[in-house]
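Scroll down for the structure; my scribbles are underneath it.
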Amino acid sequence: MRHFTSVHDVGDLHNALQKAKQVKENPYADQKLGKNKTLLMIFFNSSLRTRLSTQKAGLNLGMNVIVLDINQGAWKLETERGVVMDGDKAEHILEAIPVMGSYCDVIGVRSFAQFKSKADDYNEVILNQFIKYSGKPVFSMEAATRHPLQSFADLITIEEYKSCDRPKVVLTWAPHPNALPQAVPNSFAEWMNATNYEFVITHPEGYELDEQFVGNATVEYDKEKAYQGAHFIYAKNWAAYRDPNYGKVLSTDRSWTVDTRKMALTNDAYFMHCLPVRRNMIVTDEVIESPRSIVIPEAANRVVAAQVVLKEILTHLG
Ligand code: AN0
Ligand code: CP
2 MRHFTSVHDV GDLHNALQKA KQVKENPYAD QKLGKNKTLL MIFFNSSLRT RLSTQKAGLN
62 LGMNVIVLDI NQGAWKLETE RGVVMDGDKA EHILEAIPVM GSYCDVIGVR SFAQFKSKAD
122 DYNEVILNQF IKYSGKPVFS MEAATRHPLQ SFADLITIEE YKSCDRPKVV LTWAPHPNAL
182 PQAVPNSFAE WMNATNYEFV ITHPEGYELD EQFVGNATVE YDKEKAYQGA HFIYAKNWAA
242 YRDPNYGKVL STDRSWTVDT RKMALTNDAY FMHCLPVRRN MIVTDEVIES PRSIVIPEAA
302 NRVVAAQVVL KEILTHLG
């Protein structure tokens, strides 16, 4: 593996899950692999889990780690080529990227969808410039359309908690006051489609995701029907994808909040969410505090996912 931007970069999922198991059982086995290798993590957006878990994964592998918040202390970056830079942007990303590349061996990038241009977001213009101009292996720490480290951790967690070979996994939209990207649901769907699970997506009309991510999932608009018999309920808000509403909040209908009444329809399902989560918008206090909520072990598995990915990249550094 050189770059890691989606499920397509990990190869065989069974293999990847085996590697995750090994890393979890023996996290310090590869301390020598990262010796004198520098991990640079670049954040264009806020983060708690990704920042800490990826840093921890790098340290477990013996790497040196540098973190930069672009919006806190770095120069404001221009991302469009050809503009006369007479505004507030002091530096162009076309210089900044190769400079950052010169200080490290591996680069992680967090750059959310900006909802200004659907084409720019869905072409991953920021992430792809890092791949093109840094000269270093690049991995996504949530880009415009995917959050593969999250989805990998989600898969590891489902594998740990599932009680049958082919669990029913339901991705449900849930309300949120702000316009959030589709990266988490897109990516989750992409990873679930790579498994043999029964996979159902439920959301209000107008919240249809890009077909390339929906894949073979069953889309069920009747949420009660979707919840029936589920083994895992995975909640997430996202803004509309389809035109002309791209990036818009169409509903804050709290009948979609994950609550005990709907959870009672499931097959004693586990509750999952990538976090950060808004209580009593996305999920009630009762559900997230219940013994079936696995949001903390899910977040803990972010270290495992990041470590498998970094280990693969380091192994193929050459
Ligand atoms: C982000 C999102 O929805 O993509 C990050 C989730 C991991 N969430 C928020 O901005 C609240
Ligand atoms: N789930 C996740 O990526 O969390 P952060 O935004 O806090 O990194």
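Going letter by letter, the sequence shown gives residues 2 to 319 in the working numbering.
Cβ atoms here follow ideal geometry from the backbone N, Cα and C, with glycine treated the same way.
Predicted, not measured: the structure shown is a model, and the values here were computed from it.
Taking C-beta to C-beta, are residue i and residue j nearer than 9 Å?
i	j	result
R303	L60	no
I132	H317	no
P205	Y228	no
V296	M264	no
E125	T6	yes
G88	L315	no
K57	D106	no
A240	G248	yes
L128	M101	no
V66	L49	no
P182	A120	no
L210	Y242	yes
Quick one: what does DSSP say residue i is sitting in, helix, strand or coil?
i	result
M264	helix
S291	coil
K25	helix
T158	helix
H15	helix
T51	helix
S141	strand
R82	coil
E212	helix
D10	helix
A236	strand
Y228	helix
G102	helix
T316	helix
L34	coil
Y271	strand
Measuring CA to CA, which of the options is closest to residue i?
i	options	result
I1	V68, T203, Q130, R111	This structure cannot settle anything about residue 1, because the visible part of the chain is limited to 2 through 319.
V8	Q23, S141, M101	S141
A307	H15, K20, R279	K20
F153	M282, F189, P277	F189
A231	R147, V250, Y271	Y271
L276	W192, D155, M2	D155
I234	N246, G207, R279, R293	R293
T258	D269, Y123, V288	V288
V110	F116, G74, T55, M86	T55
Q23	K90, R147, N72, I157	I157
L172	E143, R147, A218, R280	A218
N72	M86, K90, V84	K90
I108	F116, V220, E143	E143
Could you check the C-alpha separation between residue i and residue j for me, to the nearest Å?
i	j	result
S118	A184	15 Å
P186	V309	22 Å
M42	F214	27 Å
T267	K224	11 Å
W76	F45	12 Å
A145	T261	33 Å
V305	L53	12 Å
M282	S103	44 Å
L246	P298	The residue asked about is misnamed: residue 246 is Asn in this sequence, not Leu. Each residue's alpha carbon lies about 35 Å from the other.
T285	V278	10 Å
K312	V11	12 Å
I159	P138	28 Å
L14	V250	34 Å
D244	G207	10 Å
A180	W192	23 Å
S135	G216	32 Å
I202	E212	12 Å
N16	R280	36 Å
E85	Y123	In the sequence as displayed, the identity of residue 85 is Val instead of Glu. So the two alpha carbons sit approximately 26 Å from each other.
Taking 9 Å as the CB-CB limit, is residue i close to chain B?
i	result
I67	The structure shown contains no chain B; it holds only a single protein chain.
Any contact of the segment 245-256 with the segment 173-183, i.e. 3+ C-beta pairs under 8 Å?
-> yes
Counting pairs of Cβ atoms below 8 Å between the segment 163-174 and the segment 190-200, do you hit three or more?
-> yes
Three or more C-beta pairs below 8 Å linking the segment 71-81 and the segment 94-108 = yes
Is the segment 17-35 in contact with the segment 57-74, if contact means three or more CB pairs nearer than 8 Å?
-> yes
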